[in-house]
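**Q** Chains as they are written, first to last, in UniProt numbering: chain E, 1 to 729; chain U, 1 to 162.
Here a beta-carbon is modelled for each residue, glycine too, at the ideal position from N, C-alpha and C.
Remember, predicted model here, so these are calculated numbers, not experimental data.
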Ligand code: FES
Ligand code: FES
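1. Could you name the residues of the same chain whose beta carbon sits closer than 7 Å to that of residue 53/U, not counting the 5 residues immediately before and after it, in chain order?
2. Does DSSP put residue 716/E in a helix, a strand or coil?
3. Which residues bound the alpha helix (DSSP H) around residue 552/E?
4. Output the distance between the C-alpha atoms of residue 515/E and residue 374/E, rounded to the nearest integer angstrom.
5. Using only the alpha-carbon positions, how far apart do residue 617/E and residue 141/E sit?
6. Please decide whether residue 121/U counts as near chain E, where near means a Cβ-Cβ distance under 8 Å.
7. Below 8 Å on C-beta distance, what does residue 632/E contact in chain U?
8. Three or more beta-carbon pairs under 8 Å between the segment 284-294 of chain E and the segment 257-272 of chain E, yes or no?
9. Tell me which residues of the segment 413-441 of chain E have at least one Cβ-Cβ distance to chain U shorter than 9 Å, keeping chain order.
10. Flag this pair as touching only if the segment 60-76 of chain E and the segment 108-121 of chain E have three or more C-beta atom pairs under 8 Å; answer yes or no.
11. Confirm the yes/no value for this check: CB of residue 628/E, any heavy atom of ligand 1, distance under 7 Å.
12. Going by CA-CA distance only, name the one from 266/E, 277/E, 143/E, 132/E that's closest to residue 21/U.
13. Using the Cα positions of residue 735/E and residue 692/E, report the straight-line distance between them to the nearest angstrom.
14. Can you pull out the residues from the segment 205-228 of chain E whose beta carbon lies closer than 8 Å to at least one beta carbon of chain U?
15. Say the cut is 7 Å; is the CB of residue 131/U nearer than that to a heavy atom of ligand 2?
16. For residue 727/E, name the three-state secondary structure that DSSP assigns.
17. Taking only beta-carbon atoms, is residue 51/U less than 8 Å away from chain E?
18. If we count the other Cβ atoms within 10 Å of its Cβ and call it buried at 16 or more, is residue 85/U buried or exposed?
19. Once the 5 residues before and after residue 169/E are set aside, which same chain residues still bring their CB inside 8 Å of it?
20. Do residue 173/E and residue 181/E come within 8 Å of each other at the CB atom, strictly closer than that value?
21. By the 10 Å Cβ neighbour count, where 16 or more other Cβ atoms means buried, how is residue 761/E classified, buried or exposed?
22. Name the chain U residues that come within less than 9 Å of residue 400/E, Cβ to Cβ?
23. For the beta strand (DSSP E) that residue 236/E lies in, which residues bound it at each end?
24. Am I right that residue 601/E and residue 452/E are in contact with their C-beta atoms under 8 Å? What's the rounded C-beta distance?
25. Alpha carbon to alpha carbon, how far is residue 269/E from residue 246/E?
26. Does the beta carbon of residue 18/U sit closer than 8 Å to a beta carbon anywhere in chain E?
27. Would residue 359/E and residue 382/E be called neighbours here (beta carbons separated by less than 8 Å)?
28. Please list the terminal residues of the continuous beta strand (DSSP E) segment that includes residue 342/E.
29. Between the segment 572-581 of chain E and the segment 474-487 of chain E, can you find at least three pairs of beta-carbon atoms closer than 8 Å?
30. Name, please, each residue of chain U whose Cβ falls closer than 7 Å to the Cβ of residue 667/E.
31. Closer than 7 Å by C-beta to residue 177/E: which residues in its own chain qualify, once you throw out the five before and the five after it? Chain order, please.
32. Could you tell me if residue 599/E is buried or exposed, where buried requires 16 or more neighbouring beta carbons within 10 angstroms of its beta carbon?
33. Within 8 Å of any Cβ in chain U, is that where the Cβ of residue 355/E sits?
34. Which chain U residues are close to residue 674/E, counting only those with a beta carbon under 8 Å from its beta carbon?
35. Spell out whether any CB of chain E is found under 8 Å from the CB atom of residue 63/U.
36. Below 7 Å, is the gap between the Cβ of residue 637/E and the nearest heavy atom of ligand 2?
Here is the structure:
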């Protein structure tokens with residue numbers, strides 16, 4: 001069973017910080033990390049203190065290797081992948097690897113020795129593989145040097161395999177566990193040569209995750225499960241119209257209900273009932289008379305938002321994301337312009353674990369136990385709400401019951417700290433209802449796209465103009481990120497080059513944007529803007545292929561000669577589905593490709609539509625992530641990403657009425673279920689030389705591949721998802 | 001009131017309308033059973049009552065009789081893992097894991113009723129929501145567990161109440 005870090009309970013925060021400095025021990029009580037021993041319940045308490053070899057590696061006397069994980073595990077498996085990278089260079093025994101999670105305050109106190117902890121944008125592995133491997137290699141050097149010192153032999157005469165060090169000339173052996181303490185005093189090497197990936201033994205292999213057992217026996221403690229003695233539960237409700245405020249509430253009406261302790265106002269827009277249990281707090285919250293100042297957006301609707309976006313499709317703009325030749329004049333001169341408008345609706349992250357945080361406020365320090373994708377920002381938000389310096393605050397990061405970008409925001413951290421501040425010394429668990437989670441999300445933004453293109457007499461694409469009109473996430477979360485191109489995130493998958501580069505050469509190309517920012521709070525949703533941009537481009541390219549009377553794969557090939565890696569994954573997916581052979585009776589196919597988050601991805605789908613009912617039979621996905629650290633986890637990520645990407649295509653959308661999100665739970669926000677799951681074949685084809693992400697990119701190709709297949713099946717071009725709003729019969 | 005849970009009788013004092021889910025989590029301190037929707041949609045709160053999967057988030061505790069045996073994920077494979085759990089670990093089914101207690105309880109209940117479920121049976125019967133998208137491995141896991149149970153002549157009744 002996981003034992004979350006409660007050991008600081010009776011300790012002020014500061015000393016624990018100091019004692020974590022180099023040489024700290026993992027078993028000395030006050031500063032044990034959020035701890036987990038997967039597959040072994042042994043050995044935490046009472047064990048001899050083991051000093052760290054370096055920031056990433058602690059070796060116990062029994063040869064157990066603890067690898068510290070600074071990034072966040074939310075289901076994507078990066079915890080295991082990151083440990084594989086360290087273990088690869090460390091040359092330890094993988095079966096003896098365990099992990100512990102790094103806390104941002106400790107990181108700060110050690111000058112960010114663990115670098116950035118923020119986890120999003122599929123960056124966990126590609127953003128840290130180098131220093132992790134170096135950390136593992138440095139630790140190996142130090143352990144071997146310690147053994148060589150003891151034997152008084154040159155380190156160059158020693159070799160190591162699975163944590164056993166052998167002095168070759170004499171055959172003497174020792175283990176990492178035996179020399180770990182001595183290794184702590186060795187000066188780290190100055191120059192480190194990393195292994196060539198072709199020599200990898202642990203990285204690149206389909207090893208099992210390190211954290212599975214506690215997820216199948218129910219013992220894993222998520223934030224929602226975490227309990228401290230004397231803890232109270234707070235259940236909040238914020239103004240359902242974003243930007244509105246709290247006018248009044250009548251605490252008297254609920255104060256005598258069972259278990260209710262208090263009703264607390266949070267900032268100017270929310271209220272929370274605090275009770276001894278969640279259920280009692282929720283019941284009181286439901287009964288609490290609340291009045292809101294709904295503000296100027298109380299009459300906004302999906303239709304009024306769509307109308308504003310539509311205006312943006314033809315407005316003038318200076319924000320240009322990609323420009324080749326002169327698309328507008330080529331289109332003006334063209335005999336025939338093919339034109340289509342697409343849209344993508346608001347989405348909620350809807351992780352299965354709703355927002356929650358446990359905070360205990362004391363006048364000399366404040367701690368949070370909870371899930372976040374951005375430990376550093378969570379610490380800052382905690383300290384700010386606690387009105388205490390960051391140095392006396394700490395965030396004990398916990399593993400997350402799904403996040404998908406939602407916990408890049410720290411709104412719930414602030415709320416928990418505000419309640420806790422009203423109850424000094426009493427731990428507070430703030431827990432959102434599903435309804436609150438649905439209404440107070442940070443939504444995948446809405447965009448629309450007008451596609452205009454012209455072809456020559458041979459059906460060769462001459463000009464393409466993509467006008468994106470829609471909501472900017474950066475305008476909400478980081479306006480400084482908006483530059484001369486506008487919001488760069490809005491061009492994902494359409495950039496001229498880089499991690500999000502378009503895979504087509506078009507003689508006259510223009511990609512531009514008009515920002516339209518409704519009051520609905522936007523956020524980074526797994527796959528972000530790549531999702532809709534790939535859908536717009538890949539479905540429209542399909543339209544063009546059909547207009548030219550050409551095979552969609554052949555049509556793309558001609559545009560992709562200068563983009564061999566984009567083309568390679570597309571060819572692989574097409575081959576996997578058997579593109580050159582006729583499909584079975586009633587089965588129809590579609591393909592799509594894109595580059596996002598540094599990886600090249602493509603999908604080919606087979607569907608049938610019978611009496612208006614869609615069945616997705618099979619999807620073949622091909623991914624070139626440069627390097628593949630754990631193929632079986634990549635497979636799981638790709639299949640999972642399809643579920644995430646196909647939900648909006650099939651059935652999920654958040655609509656706005658009277659200024660508020662209409663969908664309050666899974667009965668109206670209908671996400672993909674097992675019954676809709678196609679067979680998924682995952683082709684992973686790492687070509688080396690670059691590091692791409694795998695958590696997000698394939699989301700973007702699932703929907704367009706299926707939509708193109710639906711067109712092949714029905715002749716219906718669905719440009720506005722979800723398809724539940726369209727009659728396919 | 002008294003509850004028979006994971007083979008033990010527990011006394012709880014709680015309002016009659018409190019859903020079983022919250023009694024299990026808050027009064028009894030067993031947190032393996034999760035809250036996902038509170039509306040009987042997602043299945044995160046699935047437990048067995050007399051061996052049959054039930055969603056505990058909408059079931060008032062007062063509706064559970066003392067002679068009914070409740071099994072939670074903590075009571076499913078007490079001596080040794082239930083074959084579903086075993087297979088789940090082997091296939092690395094969970095991603096974030098949050099939905100998996102409910103998924104495992106639903107899968108084990110299905111296998112207890114239908115020892116050899118077809119693809120169609122699984123697609124119809126398993127309606128739990130997994131946002132991480134573990135569905136392909138859930139399907140594979142159920143089929144693998146079915147084979148293992150058949151080979152062992154086992155009906156999967158290895159929980160604390162069996
Ligand atoms: S929490 Fe019970 S079905 Fe979702
Ligand atoms: S494993 Fe994360 S919701 Fe199912």
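**A** In brief:
1. Excluding positions up to five away in sequence, the list reads 46, 105, 106, 109.
2. In the three-state DSSP reduction, residue 716/E falls in the coil class, being neither helix nor strand.
3. Looking at the DSSP string, the run of the alpha helix (DSSP H) that includes residue 552/E is 552-559.
4. Residue 515/E and residue 374/E have their alpha carbons spaced roughly 27 Å apart.
5. One C-alpha to the other measures close to 52 Å.
6. No, its Cβ sits nowhere closer than 8 Å to a Cβ of chain E.
7. Those are 92, listed as they occur along chain U.
8. Output reads yes: the segment 257-272 of chain E touches the segment 284-294 of chain E.
9. Within the segment 413-441 of chain E, the qualifying residues are 431, 433, 434, 435.
10. Note that the segment 60-76 of chain E touches the segment 108-121 of chain E; at least 3 beta-carbon pairs, one per stretch, sit closer than 8 Å.
11. Distance from the C-beta of residue 628/E to the nearest heavy atom of ligand 1 is not below 7 Å.
12. When only C-alpha atoms are compared, the closest one is 277/E.
13. The question about residue 735/E has no answer, for chain E in this structure spans 1 to 729.
14. Against chain U - using a Cβ distance shorter than 8 Å - the residues of the segment 205-228 of chain E are 208, 209, 211, 212, 213, 214, 215, 216, 217, 218, 219, 220, 221, 222, 224, 225, 227.
15. Under cutoff, so the answer is yes.
16. In this structure, DSSP gives residue 727/E a state outside helix and strand, which the three-state scheme calls coil.
17. Output row for residue 51/U: interface = no.
18. Looking at its Cβ environment, which holds 16 or more other Cβ atoms inside 10 Å, residue 85/U is buried.
19. For residue 169/E, same chain residues with a beta-carbon under 8 Å away, outside a window of 5 residues either side, are 153, 157 in chain order.
20. No. Outside cutoff.
21. The requested residue 761/E does not occur in the structure, where chain E is confined to residues 1 to 729.
22. By Cβ distance, chain U contributes 96, 98.
23. Residues 232-238.
24. With 8 Å as the limit, residue 601/E and residue 452/E do not qualify as a contact, their Cβ atoms being about 26 Å apart.
25. About 5 Å.
26. The beta-carbon of residue 18/U is placed less than 8 Å from the nearest beta-carbon of chain E.
27. Inclusion of residue 359/E and residue 382/E in the CB contact set at 8 Å is warranted, their separation being smaller than that value.
28. Under the DSSP assignment, residue 342/E falls in the beta strand (DSSP E) whose first and last residues are 338-344.
29. Using a Cβ-Cβ distance cut-off of 8 Å, the segment 474-487 of chain E and the segment 572-581 of chain E are not in contact, since fewer than three pairs of beta carbons, one from each stretch, lie closer than that value.
30. Neighbours of residue 667/E in chain U, taken as residues at a C-beta separation under 7 Å, are given in chain order as 39, 41.
31. Non-local beta-carbon contacts of residue 177/E in its own chain, meaning distances under 7 Å to residues more than five positions away in sequence, involve 59, 60, 61, 62, 63 in chain order.
32. Classification for residue 599/E: buried.
33. Not closer than 8 Å to any Cβ of chain U, the Cβ of residue 355/E fails to qualify, so no.
34. Simply 122, 123, 126, 127, 128, 130, 135, 138, 139.
35. No - not a single Cβ of chain E is within 8 Å of the one on residue 63/U.
36. With a cutoff of 7 Å, residue 637/E does not count as near ligand 2, since its C-beta is closer than that to no heavy atom of the ligand.
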